[in-house]
């Protein structure tokens, strides 16, 4: 049976930033406690002229990718792909772009960011990740779908490592948009996991097993959000613990086991 | 001219959202596109929109645009010559 | 041994459904018409009946085309492949269709009256259809599902037309892929549905023999000038299919008719087919660039080309405008080996290649 490993991880969360390389870093006092306020220097040491241009999901994905890949030296970027789960895709930029169309001056820069995939491709361009990319939008479990897909691509040897990103973020002004369901629109987060099929001397080598199993579907109990499961995974790794999670979201159920290898 | 140059620096930074760059870091006689500011073809198109929207200056095609953006000074000169607002 | 079988497909293009599109392509009838399109002075390729730009009506049209008696909902994954999908709500106050892709996917399942085990939405820009096929193949081979329904939809809108125009990417007179006079792409309406399954293939079945994808890691909109990324995707598809380039019967190019796309594609094809390029075609001078739905539509058409062992002419092509000699022709071309390599390249450097083949 194939084994797969998590080598590094990061998360932008309402409490602050979590990462393997920097531990937990709370938001500054002048930041509102939202990952939307993340600053370039907090995640990436060099100046990056394009940082301010990134839309919300791009900025969250770039920042999380930067934190995830920071100091990880065992990466072959030519064979690293990105599996992105994005809850709202590019809806905020779609609305900004449409405003520019109505003003009579359609913005080329906004238009190129009106794709759910741009959050993944900006990361690919910045970190020169040339492997296969897959972009999954919405449908309750984009992150688990992205994680599952990353494992499949590794299993089929289509990549030597996969960066899994789960991003949820919209502009503050869209919180009242008729297109945004309130519950999902309220939270802003991004999670990143770097997966490999081989052990690495430079990573954390957490074995990951993901399975789907309909019998775990919660019948009447209150269902948790996808984010809460991702947070549990990151939290366990921050505390260097093993974890077995049973998840149940909508029609998708199963388990995730993380085991720290010695 | 000085005033237009200063205004353009502010407008370029805000339009292209160059948060890592300060106005004084834009050298007036260096190319706008490419190495210096790290601007690319999409930025070139965005600058063309800026010229039309703010100054009523329309540029016949992107190749002329590339010449205009040879430097901030040449951009300012072109605007001065063709501006309608 | 089991294969991923391309069981059925139906499409809607500016030239009609699948059989009408094929007839028109081989009779030399294209669909590109003069602008303006949404007030923009560019050529375009529209559905004959523009009411099908509404996702629910389009899905309704496909309802009886594809769901065969062999359909097993509890073992089926439904994959919605789109770059933008139905975004009328962003433009029209009275339209209530959600612009969010996952809600559109659910709507399509409701209209088709299917309840698949899983619904996935894949949005790899203009390569969404091909990446959907690759995703379906991976899922079927991993045993997670036994069938996949792919649905792809992207149509003309003021949003998309004005955006490509703002990028100076659209041709005024119409797309002329690989031609010396090419001056940009032409957008069109497109939709497709297809059913893939995993089983022992019979002789004559079309199978998805291999898939590969990559990222240029180069630029938001422009392709890598060398074609390196698309080359790697095509190479990966060949390796995945366990085939050599000289075993490929024909090529369905991405061929958008922009200066940069066609130049890079010619470079990568020349490099991939060292022994000389097999017959090649771009369909975008006939039906336009159907953005996110283009590659699923073109894959369905490629299956028909394999059956006919003939490619239609490349509409708009007269005199080669690329440096390499790559098998593009102004005439229909016959080929003997029953396989087509179908290429797609999207914004953000997203490349995908699919190798379709008739089972011997």
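Residue numbers (the numbering used here), protein chains in the order written: chain A, 135 to 396; chain B, 148 to 232; chain C, 2 to 361.
Think of the CB as a built atom: it goes at the ideal place given N, C-alpha and C, for glycine as much as any other residue.
Whole-angstrom C-beta distance between residue 223/C and residue 352/C, which should lie under 8 Å: Numbered from 1 along the third chain, position 351 holds the residue referred to as residue 352/C. Numbered from 1 along the third chain, position 222 holds the residue referred to as residue 223/C. About 13 Å; that fails the 8 Å criterion.
Range covered by the alpha helix (DSSP H) that runs through residue 249/C: Numbered from 1 along the third chain, position 248 holds the residue referred to as residue 249/C. Run containing residue 249/C: none; DSSP gives neither H nor E here.
Proximal chain C residues relative to residue 228/A, where beta-carbon distance stays under 9 Å: Translated into the one-based positions of the first chain, residue 228/A becomes position 94. Residues of chain C passing the Cβ test: 85, 88, 91, 100 and 160.
Residues of the segment 169-187 of chain B with Cβ closer than 8 Å to any Cβ of chain C, in chain order: 187
Within chain A, the residues that residue 200/B reaches when beta carbons sit closer than 7 Å: Indexing the second chain from 1 puts residue 200/B at position 53. Per Cβ cutoff of 7 Å: 239.
Where the beta strand (DSSP E) containing residue 8/C begins and where it ends: Taking the third chain and counting its residues from 1, one reaches residue 8/C at position 7. From DSSP, the beta strand (DSSP E) with residue 8/C extends over 3-13.
Nearest to residue 288/C (by Cα), restricted to the options 298/C, 236/C, 280/C and 321/C: Sequence index remark: in the third chain, residue 288/C carries index 287 (1-based). Comparing Cα-Cα distances from residue 288/C to each of 298/C, 236/C, 280/C and 321/C, the minimum goes to 298/C.
Under 8 Å between C-beta atoms of residue 344/C and residue 255/C: Position 343 of the third chain, counted from the start, is the residue given in the question as residue 344/C. Position 254 of the third chain, counted from the start, is the residue given in the question as residue 255/C. Cβ atoms of residue 344/C and residue 255/C: closer than 8 Å.
Under 8 Å between C-beta atoms of residue 192/C and residue 154/C: Reading the third chain from its first residue, position 191 is the one you call residue 192/C. Reading the third chain from its first residue, position 153 is the one you call residue 154/C. Cβ atoms of residue 192/C and residue 154/C: closer than 8 Å.
Chain B contact for residue 169/C (CB, 8 Å cutoff): Taking the third chain and counting its residues from 1, the one referred to as residue 169/C is at position 168. Yes, its Cβ sits closer than 8 Å to a Cβ of chain B.
Residue of 209/C, 336/C and 261/C minimising C-alpha distance to residue 140/C: Translated into the one-based positions of the third chain, residue 140/C becomes position 139. The candidate whose alpha carbon is nearest that of residue 140/C is 209/C.
Three-state secondary structure (DSSP) of residue 350/A: In the first chain, residue 350/A corresponds to position 216, counting from 1. DSSP places residue 350/A in helix when its eight states are reduced to three.
Nearest neighbour of residue 145/A, chosen from 388/A, 387/A and 364/A [CA to CA]: In the first chain, residue 145/A corresponds to position 11, counting from 1. Answer by Cα proximity: 364/A.
Rounded Cβ spacing between residue 110/C and residue 79/C (contact assumed at less than 8 Å): Position 109 of the third chain, counting from 1, holds the residue named residue 110/C. Position 78 of the third chain, counting from 1, holds the residue named residue 79/C. So it is a contact: roughly 6 Å between Cβ atoms.
8 Å Cβ cutoff, residue 223/C in contact with chain B: On the third chain, residue 223/C is found 222 positions in, with the first residue counted as 1. Chain B, which has a Cβ nearer than 8 Å to the Cβ of residue 223/C, makes this yes.
Residues near residue 225/A in its chain [Cβ-Cβ closer than 8 Å; skip 5 each side]: What you label residue 225/A is simply residue 91 of the first chain in a count that begins at 1. These residues qualify, in order along the chain: 304, 308, 311, 313 and 314.
Backbone secondary structure at residue 165/C - three-state DSSP: Mapped onto the third chain, residue 165/C falls at position 164. If DSSP states are grouped into helix, strand and coil, residue 165/C belongs with the helices.
Beta-ladder partner(s) of residue 290/C, from DSSP: Here residue 290/C refers to the residue found at position 289 of the third chain. The partner list for residue 290/C (beta bridge, DSSP) reads 188/C.
Residues, ordered as in the chain, of the segment 202-222 of chain A that lie near chain C by beta-carbon distance below 9 Å: 211, 212, 215, 216, 220, 221 and 222
Burial state of residue 9/C, where buried means 16 or more other Cβ atoms lie within 10 Å: On the third chain, position 8 is the one that residue 9/C refers to. Per the 10 Å Cβ criterion, buried.
Chain-ordered neighbours of residue 136/A on chain C, where CB pairs are closer than 7 Å: In the first chain, counting from the first residue as 1, residue 136/A sits at position 2. Near residue 136/A there are no residues of chain C at all, since even the closest Cβ is about 11 Å away, more than 7 Å.
Option nearest residue 311/C by Cα separation, candidates 321/C, 338/C, 226/C and 317/C: For the purposes of this step, residue 311/C is taken as residue 310 along the third chain, with counting starting at 1. Cα-wise, what sits closest to residue 311/C is 338/C.
Separation of residue 163/A from residue 67/C, as counted between CA atoms: As a working mapping, residue 67/C is identified with position 66 in the third chain. As a working mapping, residue 163/A is identified with position 29 in the first chain. Roughly 57 Å separates the two Cα atoms.
Partner residues on chain C for residue 192/B, Cβ-Cβ distance less than 9 Å: What you label residue 192/B is simply residue 45 of the second chain in a count that begins at 1. Residues of chain C passing the Cβ test: 167, 168 and 169.
Bounding residues of the alpha helix (DSSP H) (the contiguous stretch that carries residue 147/A): Walking along the first chain from the start, residue 147/A turns up at place 13. From DSSP, residue 147/A is part of no alpha helix (DSSP H) but of the beta strand (DSSP E) over 139-147.
Within chain A, partners of residue 166/B - CB distance below 8 Å: Stepping through the second chain from its first residue, residue 166/B is reached at position 19. Near residue 166/B (Cβ distances below 8 Å), the residues of chain A are 174, 185 and 186.
Short CB-CB distance (under 8 Å) between residue 160/B and chain C: Start at 1 with the first residue of the second chain, and residue 160/B comes out as number 13. Answer no: the Cβ-Cβ gap between residue 160/B and chain C never drops below 8 Å.
Residue 117/A at chain B interface by Cβ criterion, 8 Å: Residue 117/A lies beyond the stretch modelled for chain A, which goes from 135 to 396, so this question has no answer here.
Any chain B beta carbon closer than 8 Å to residue 243/A: Start at 1 with the first residue of the first chain, and residue 243/A comes out as number 109. So, interface residue.
Test item: CB-CB of residue 214/A and residue 293/A under 8 Å: Here residue 214/A is taken as the residue at index 80 of the first chain, counted from 1. Here residue 293/A is taken as the residue at index 159 of the first chain, counted from 1. Going by C-beta atoms, residue 214/A is nearer than 8 Å to residue 293/A.
Neighbourhood of residue 160/C by C-beta, 8 Å cutoff - its chain only, sequence neighbours within 5 removed: Locating residue 160/C in the third chain gives position 159, where the first residue counts as 1. 85, 88, 91 and 92.
Beta-carbon neighbours of residue 255/C, restricted to chain B and to distances below 8 Å: Taking the first residue of the third chain as 1, we reach residue 255/C at position 254. Those within 8 Å of residue 255/C in chain B number zero; the least Cβ separation is about 20 Å.
Own chain partners of residue 162/B with C-beta closer than 6 Å, once the 5 adjacent residues on each side are dropped: Residue 162/B sits at position 15 when you count from the first residue of the second chain. 197, listed in sequence order.
Where the alpha helix (DSSP H) containing residue 23/C begins and where it ends: Residue 23/C sits at position 22 when you count from the first residue of the third chain. From DSSP, the alpha helix (DSSP H) with residue 23/C extends over 19-27.
Any C-beta of chain A under 8 Å from that of residue 351/C: In the third chain, residue 351/C corresponds to position 350, counting from 1. Yes, its Cβ sits closer than 8 Å to a Cβ of chain A.
Beta strand (DSSP E) segments (min. 3 residues) lying fully within the segment 59-146 of chain C: 77-82 and 119-123
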